[in-house]
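Be aware that the sequence shown starts at 1, since it is given in our numbering, and climbs by one per residue. By construction, the Cβ of each residue, glycine as well, lies at the ideal position given by its N, Cα and C atoms.
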Amino acid sequence: MAKMEVKSSLLDNMIGVGDMVLLEPLNEETFINNLKKRFDHNEIYTYIGSVVISVNPYRSLPIYSPEKVEDYRNRNFYELSPHIFALSDEAYRSLRDQDKDQCILITGESGAGKTEASKLVMSYVAAVCGKGAEVNQVKEQLLQSNPVLEAFGNAKTVRNDNSSRFGKYMDIEFDFKGDPLGGVISNYLLEKSRVVKQPRGERNFHVFYQLLSGASEELLHKLKLERDFSRYNYLSLDSAKVNGVDDAANFRTVRNAMQIVGFMDHEAESVLEVVAAVLKLGNIEFKPESRVNGLDESKIKDKNELKEICELTSIDQLVLERAFSFRTVEAKQEKVSTTLNVAQAYYARDALAKNLYSRLFSWLVNRINESIKAQTKVRKKVMGVLDIYGFEIFEDNSFEQFIINYCNEKLQQIFIELTLKEEQEEYIREDIEWTHIDYFNNAIICDLIENNTNGILAMLDEECLRPGTVTDETFLEKLNQVCATHQHFESRMSKCSRFLNDTSLPHSCFRIQHYAGKVLYQVEGFVDKNNDLLYRDLSQAMWKAGHALIKSLFPEGNPAKINLKRPPTAGSQFKASVATLMRNLQTKNPNYIRCIKPNDKKAAHIFNESLVCHQIRYLGLLENVRVRRAGYAFRQAYEPCLERYKMLCKQTWPHWKGPARAGVEVLFSELEIPVEEYSFGRSKIFIRNPRTLFKLEDLRKQRLEDLATLIQKIYRGWKCRTHFLLMKKSQVVIAAWYRRYAQQKRYQQIKSSALVIQSYIRGWKARKILRELKHQKRCKEAATTIAAYWHGTQVRREYRKFFRANAGKKIYEFTLQRIVQKYFLEMKTRMPSLSPIDKNWPPRPYLFLDSTHKELKRIFHLWRCKKYRDQFTDQQKLIYEEKLEASELFKDKKALYPSSVGQPFQGAYLEINKNPKYKKLKEAIEEKIIIAEVVNKINRANGKSSSRIFLLTNSNLLLADQKSGQIKSEVPLVDVTKVSMSSQNDGFFAVHLKEGSEAASKGDFLFSSDHLIEMATKLYRTTLSQTKQKLNIEISDEFLVQFRQDKVCVKFIQGNQKNGSVPTCKRKNNRLLEVAVP
C-alpha cells in the first residue's frame, strides 16, 4: 500500500506561520491572528522554536492515526508540519540515542487539553518503542494508570468536563534499547476541598458518580449505597449528569484498568468501601444539645448512617460517635477533653472526609507505583511527563489558587532559565557569538511567596503556629506589615497600592502582580486550609478500624506512636514538593507543550480572541518568542538547507559535489544576502531576520515555478514525440494488418466462388448418372415383370386341369390356417394380468375354437398360479397352508370365518420369550410354542369367565394363570377328541377330552377367544401331525359338554346384549348353558 503523502518541510504549504519565531511583524495581534488562522484550518499545533503550542479543538481530528505515528517516526523536528508527535519523537530519540534524560512540561489552564496532551505523548512513545510480551505489559500498565487516576483525581468544572484536580508528574523509565521498564508517578495538591463542597455547575470527583451509576445492585447493596444521587449531601445535583459522558461505562473501564495495573480483587473492594464511607459521611447530621454546665454539645441526629459507616469500616460505633462529639488536647502529661458544638462537629466530619479521600488518593498513587516500577536494577533512562494545573484567575481566588499560581511561577522561572540556557548552549556549540538577552525575571515574585524569612508562605506558617487567637485577618495584617513595600504586593493597607480609596479592593483581600497578570486573593480560609487540621480523636478512631486499608491510612492514630509535634502545614509540604520537582526538572532536558483553551463554551470552531490573548499573556508566549529570536530567528543544518535552496544557484544546481557548508556559502554569496543577516556555525547556518528566510522562500517558490515550467515543457515535448512515434508505428501496423485482411477476404471470395461452381458441376454430373441408373432399373423391372407374366401364363395353361379338381380343399385349409394364426397372434396382445384372482379372459372370436379357448384359459391359469407360488418363502407357504386348511374347515360353515381371512396367523401373541413376567413359564416348557394367547375360560358352575394363558406345543395343550404364569392344566394332544363351536359370529369353542384319561377328570374345557379360527386350525393341524388322525371339528348351535360327571348342553341363541357386541354366557340349570350372540 502506498504511503500517505506528507509535507516535506515545515515551510511547505504553510497555513499562516508554523513557527512563531518566523512571525513578522511580531506583536500580540499578529500572534493571535496567526493562531486563529491555523485553528480555522484544523492546524491546532504551532511551534515557538522547540516549544509546541496546542489549541484545544474540542472535537476529534484525524491526525492521531497509526499512519501519522509512522509519518513522524524518526523524522527531524522541523521536517513536517507542527505536531505533538514531533516533540514526542524528538524527546524519545534524544533519550534513546543521545542518552539524555528528558522531561515534557505540559501547562495551561483548566480545559486547555493538558490531560489529553499527556495521553498523546504516552501513546506515541508506547507506539514507537520496542515490542514483546513483557514490554507490551509494561506499556499497557503505564497507559491504564491514567483511567484510574482520572476517576479519583478528575472532576467536571465549569471550564472542563474532565478537569485534573491534582498535579501529576510521571517518570517513565527505559532501558538502553529504549524499551520501557516501568514508571514512577508523583502527585501534587489534590483539591480535597471538592469532596465536601463544589461550586455551582461543577461535580465532585468522577468516581462517586461512576460507582453509583455503574456498580451492580449486589455491589451497591454490599456497600450500603443507593443509586439515587440525591440521597448524598456531598454530591451536587445541578450537574450530576454530563452530556456525552457515560459514567456506567467509565466505571467498568476503571475496574478493568485497576485489574490490568495489578490491583488484587480485595484491594479494589477495599478502595470502593472507602469511597462509599466518604460518600456516607456527608449524610451524617448533628443537632445541638445543652449540657448542665451551660455549654452546647453536638449529637448525631440519625445514627443509622453512622451505623452503616461503622459496618463498612469495621469501627466501633461508640468510638466514632465520641470522636464527632469530643476533642482531646494533649500537652506533655495532661489531657483535656472538650465538647464540640454543631459547627465544630460539621468541621470535624468534613475534615475526616477530606483527609480520608486525600490519603486514599495518595495510597492509590503509591500502589500504582508498586505495580509499574521497574523490576530490574540496571541503569535507566528517564522521560518525565508533567501534567499540572495551569495559572488560575477566578472571581474568587483562595488558598488553592495561590498555591497553584506559585507552582506556575516556579515553572515559568525554570522555563525561561532553561530556554535561555538552551539558546546559549547552542550558540556556544556552533561557535556563534552570544549576545545578552534582556527578559523579565520572575524570581522576585517567587521570592515574595517562598522566602523563608518574610515570604507569604513563611508568614502563613508562622501565623498558624503562634499561640493566641489566629484568624485570616491577623494573617492579612502581618502581610501588610512585612510586604507593604514590595512592588508586586498590593492591599488596601499597603504603601504600594494605588487603590487605597477604591472600594473594589476589599479589606479581606490582597493582590499579587504575577508574571501572568494581577490576581486578587480572598484571605478567608487561608489559615484553616494551611493547617489542614484533623482532630487526633478522629485519627485514633480510624486507626482502630478493622478495615486494613483505612487503618494503614492513619498511622499517626496509633497510641504507641503519639507525636505531640504539630504536623507540617499544607503550604510547607507543597513548597517542599515544588522544590523537589524543580530540582528533578533541572537535571533533564526540557520539552514544552503550552495548551490554550479557545473558548469557555467547550465548543468546536469557536475562537475567542480575548480569552486566547489572556492565556498568551500569562503563559509568556510573546516573551518566549522574543527570547528565541533575540539572536537569530532561524537556524538549519547545512545539508537540508542546501537541499532546499540549491536550485537558486547555478553552481549548486542540480548537484553540489563539495561539502554542504561550502555549497551554502556559494549559494548565499550568489544571492547577495547581506553578511550581517546570517552567520555560519559548525553544523548550522543561522539567519537573523525572518524577512531573510521569507525572501529565500519567495525566491525558491519562483524558481520552483520556473523549474516546473521547464519540466512541463520538456515533458510535453517528450510526450508529443512519443505520441507521434507511437502513431507512426501504429499506422504501419494497421496498414499491414489491413492489407493482410484485404487479401484474406479476396482469397475467401475466390475460394467460395470456386466451391459454388464445383458444387453445381458435381450436382449436374450426379443427376446425369442418377437418371441413367433409374432408366436401367426401370428397364430391368419391366423385363422381369414381362417374364413373370409370361411364365404365369405358361404355368396356368399347363396346370389348369389340376386346379379345378382340388381348389376347394386347398382354399379351406389355407383359410383355416390363416384364422388360427391370426387368433394366436391376437391372444398374445390380449392376455390378462398374472394375478391368480384375475378372472378376466379375452372373448372367443370363433365358435369352432371354443374347446381350444377354454383349454388355453385353464393352462394359462395353472401356469400363472405356479408362477405366483414360486415366489413364496417357506414361512409364507406354511401360512397359506394354514389359511387353506382354515378355508376347508370353516368356509360357509362358521360366520366368523370371513373376518379372519384378512388377519395373519401370528400364534405367539404374548411374546413369552421377551416378556420377563413369563420367565418361569418359559423355563417350564421345553417344547416349541405354537400358540400363546389369552383366552376366557368359562366356569363350569356359573358360566362366568376367567382369563387363562392358552399354550399349544407340538404334543400338549396347556393352561396357565395370567398373573402368576403358573401352569394350571396340561392336556396331551392324544387325549383331545373333538372341538365344538357354533356356526354364529362368536369366539366360543369347546375342547372335548377322551373319557377315562387323566386330563378328563374335571371334564371338557369351554373357552372364548378373539382368534378362534386360528386356534382351531393350528390345533387341528398339530393334532394331525402328532396323532396321524384328523381332529373332529363339530360346528353346531347346540352341543354337549362333559362337566365332571354331568353332560351340559351349550346352546347359542340370538339376543340383544347389554355389553354391545360381546357374547354372554349364562347357566340356566344343571343341564343347560345358554350363550347369547348379538
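query = Is Leu862 buried or exposed, if buried means 16 or more other CB atoms sit within 10 Å of its CB?
reply = Taking the first residue of the sequence shown as 1, we reach residue 862 at position 862. Under this definition Leu862 is an exposed residue.
message = Given this structure, state the Cα-to-Cα distance separating Asp698 from Val51, to the nearest angstrom.
response = The count along the sequence shown starts at 1 and reaches residue 698 at position 698. The count along the sequence shown starts at 1 and reaches residue 51 at position 51. The alpha-carbon atoms of Asp698 and Val51 are separated by roughly 26 Å.
ask   = Which value, in whole angstroms, describes the spacing of the CA atoms of Ser193 and Cys641?
value = Walking along the sequence shown from the start, residue 193 turns up at place 193. Walking along the sequence shown from the start, residue 641 turns up at place 641. Answer to the nearest angstrom: the Cα atoms are 56 Å apart.
From Gly201, Ala545, Val365, residue whose alpha carbon lies closest to that of Ser314 = Walking along the sequence shown from the start, residue 314 turns up at place 314. Here the closest residue by C-alpha is Ala545.
query = In three-state DSSP terms, what is Ile260?
reply = As a first step, residue 260 must be located in the sequence shown, where it is residue number 260. Of the three classes helix, strand and coil, the one that applies to Ile260 here is helix, per DSSP.
ask   = Roughly how many angstroms lie between the CA atoms of Phe39 and Val55, to the nearest whole one?
value = Within the sequence shown, numbered from 1, the residue matching residue 39 stands at position 39. Within the sequence shown, numbered from 1, the residue matching residue 55 stands at position 55. Here the alpha carbons of Val55 and Phe39 stand approximately 7 Å from one another.
ask   = Quick one: is Met831 buried, meaning 16 or more other Cβ sit within 10 Å of its Cβ, or exposed?
value = As a working note, residue 831 is residue 831 in the sequence shown. With fewer than 16 other Cβ atoms from the protein chains shown falling within 10 Å of its own Cβ, Met831 counts as exposed.
key: Straight-line Cα distance separating Pro82 from Arg75   = Residue mapping note: residue 75 aligns to position 75 of the sequence shown, counting from 1. Residue mapping note: residue 82 aligns to position 82 of the sequence shown, counting from 1. Computed Cα separation, rounded: 12 Å.
The alpha helix (DSSP H) enclosing Cys641, as first and last residue numbers = Your numbering for residue 641 matches position 641 in the sequence shown. Element bounds for Cys641: 638-645.
query = Terminal residues of the continuous alpha helix (DSSP H) containing Tyr72?
reply = Taking the sequence shown and counting its residues from 1, one reaches residue 72 at position 72. First-last of the alpha helix (DSSP H) with Tyr72: 66-72.
inquiry  = Let me check understanding here. Comparing Cα to Cα, which of Glu311, Ala353, Val385 lies closest to Asn187?
reply    = Numbered from 1 along the sequence shown, position 187 holds the residue referred to as residue 187. Looking at the Cα atoms, Val385 is the closest of the given residues.
query = Hey, quick one: how far does the beta strand (DSSP E) through Gln1042 stretch, first residue to last?
reply = If you number the sequence shown from 1, residue 1042 lands on position 1042. Element bounds for Gln1042: 1038-1043.
request  = Using only alpha-carbon positions, find the residue among Val365, Asp296, Thr46, Gly178 that is nearest to Gly167.
outcome  = Along the sequence shown, read from residue 1 onward, the residue named residue 167 stands at position 167. Ranking the options by Cα distance to Gly167, first place goes to Val365.
query = Do you know how far the Cα of Gln966 is from the Cα of Ala999?
reply = Counting from 1 along the sequence shown, the entry for residue 999 is found at position 999. Counting from 1 along the sequence shown, the entry for residue 966 is found at position 966. If I take the Cα positions, the gap works out to 17 Å.
message = So, at 6 Å on beta carbons, what are the nonlocal neighbours of Asn985 in its own chain, with the 5 sequence-adjacent residues on each side left out?
response = The residue given as residue 985 occupies position 985 in the sequence shown. Contacts found: Ala895, Leu896.
query = What are the start and end residues of the alpha helix (DSSP H) that includes Arg594?
reply = Sequence index remark: in the sequence shown, residue 594 carries index 594 (1-based). Not the alpha helix (DSSP H): Arg594 falls in the beta strand (DSSP E), residues 589-596.
inquiry  = I'd like to know whether the C-beta atoms of Leu951 and Ile931 end up nearer to each other than 8 Å.
reply    = Taking the first residue of the sequence shown as position 1, residue 951 is located at position 951. Taking the first residue of the sequence shown as position 1, residue 931 is located at position 931. In contact: Leu951 and Ile931 (Cβ atoms closer than 8 Å).
task = Find out if the Cβ-Cβ distance for the pair Thr1080, Leu959 is shorter than 8 Å.
result = Coverage of the chain is limited to positions 1 through 1078, which leaves residue 1080 absent and any answer about it impossible.
ask   = Should the segment 90-99 be called in touch with the segment 139-156, which here means at least 3 C-beta pairs below 8 Å?
value = The segment 90-99, when compared against the segment 139-156, does not touch it at the 8 Å Cβ threshold.
Backbone secondary structure at Ile550 - three-state DSSP = The residue given as residue 550 occupies position 550 in the sequence shown. If DSSP states are grouped into helix, strand and coil, Ile550 belongs with the helices.
Buried/exposed call for Pro62, threshold 16 Cβ in 10 Å = Locating residue 62 in the sequence shown gives position 62, where the first residue counts as 1. The residue in question, Pro62, is exposed, as its Cβ has fewer than 16 Cβ neighbours within 10 Å.
message = At the level of alpha carbons, what is the spacing between Leu1073 and Arg1067?
response = The sequence position of residue 1073 within the sequence shown is 1073, counting from 1. The sequence position of residue 1067 within the sequence shown is 1067, counting from 1. Near 5 Å, if we compare the C-alpha coordinates of Arg1067 and Leu1073.
ask   = What three-state label does DSSP hand Gly557 in the structure shown?
value = Sequence index remark: in the sequence shown, residue 557 carries index 557 (1-based). Here Gly557 carries a helix assignment [DSSP, helix/strand/coil].
request  = Tell me Ile929's beta-bridge partners as DSSP assigns them.
outcome  = Locating residue 929 in the sequence shown gives position 929, counting from the first residue. Looking at the DSSP assignment, Ile929 forms a beta bridge with Thr953.
message = Please state whether the Cβ-Cβ distance between Leu611 and Lys597 is less than 8 Å.
response = The sequence position of residue 611 within the sequence shown is 611, counting from 1. The sequence position of residue 597 within the sequence shown is 597, counting from 1. For Leu611 and Lys597, yes; Cβs fall inside 8 Å.
ask   = By how many angstroms is the C-alpha of Ser270 removed from the C-alpha of Lys224?
value = Numbered from its first residue, the sequence shown carries residue 224 at position 224. Numbered from its first residue, the sequence shown carries residue 270 at position 270. Using only the alpha carbons, I get a separation of about 14 Å.
query = Within 10 angstroms of its Cβ, does Asn34 collect 16 or more other Cβ (buried), or is it exposed?
reply = The residue given as residue 34 occupies position 34 in the sequence shown. Asn34 counts as buried, since at least 16 other C-beta atoms from the protein chains shown sit within 10 angstroms of its C-beta.
ask   = With burial defined as no fewer than 16 other Cβ atoms inside 10 Å of the residue's Cβ, what is the status of Glu273: buried or exposed?
value = Locating residue 273 in the sequence shown gives position 273, counting from the first residue. Burial call: buried.
ask   = Three-state secondary structure (DSSP) at Cys464?
value = Translated into the one-based positions of the sequence shown, residue 464 becomes position 464. Helix.
request  = Using 10 angstroms around the beta-carbon of Arg255, count the other beta-carbons present and answer buried if the total reaches 16, otherwise exposed.
outcome  = Taking the sequence shown and counting its residues from 1, one reaches residue 255 at position 255. Within 10 angstroms of the beta-carbon of Arg255 lie 16 or more other beta-carbons, which makes it buried.
task = Report all residues from its chain with a CB closer than 8 Å to the CB of Lys280; omit the five preceding and five following residues, and keep chain order.
result = Here residue 280 is taken as the residue at index 280 of the sequence shown, counted from 1. So the list reads Lys224, Leu225, Tyr232, Glu305, Glu308, Ile309, Leu312, once near-sequence residues are dropped.
Cut-off 6 Å between Cβ atoms - residues of its own chain near Tyr918, not counting five sequence neighbours on either side = For the purposes of this step, residue 918 is identified with residue 918 of the sequence shown, where counting begins at 1. Counting only Cβ-Cβ distances below 6 Å, and skipping sequence neighbours, we find Ile912, Gly965.
ask   = Rounded to whole angstroms, how far is the Cβ of Arg594 from the Cβ of Val21, which I believe are closer than 8 Å?
value = For the purposes of this step, residue 594 is taken as residue 594 along the sequence shown, with counting starting at 1. For the purposes of this step, residue 21 is taken as residue 21 along the sequence shown, with counting starting at 1. Not quite, the Cβ-Cβ distance comes to about 14 Å (not below 8 Å), so this is no contact.
ask   = Which two residues bound the contiguous beta strand (DSSP E) that contains Arg1067?
value = On the sequence shown, residue 1067 is found 1067 positions in, with the first residue counted as 1. Per DSSP, Arg1067 belongs to the beta strand (DSSP E) from 1064-1069.
key: Same chain only: Cβ atoms within 8 Å of Lys335, ignoring 5 sequence neighbours per side   = The count along the sequence shown starts at 1 and reaches residue 335 at position 335. Excluding positions up to five away in sequence, the list reads Thr328, Val329.
message = Going by DSSP in three states, Asn501 sits in which element: helix, strand or coil?
response = For the purposes of this step, residue 501 is identified with residue 501 of the sequence shown, where counting begins at 1. Its pLDDT being 45, under 50, Asn501 is placed unreliably in this model, and the value from its coordinates should be taken loosely. Coil.
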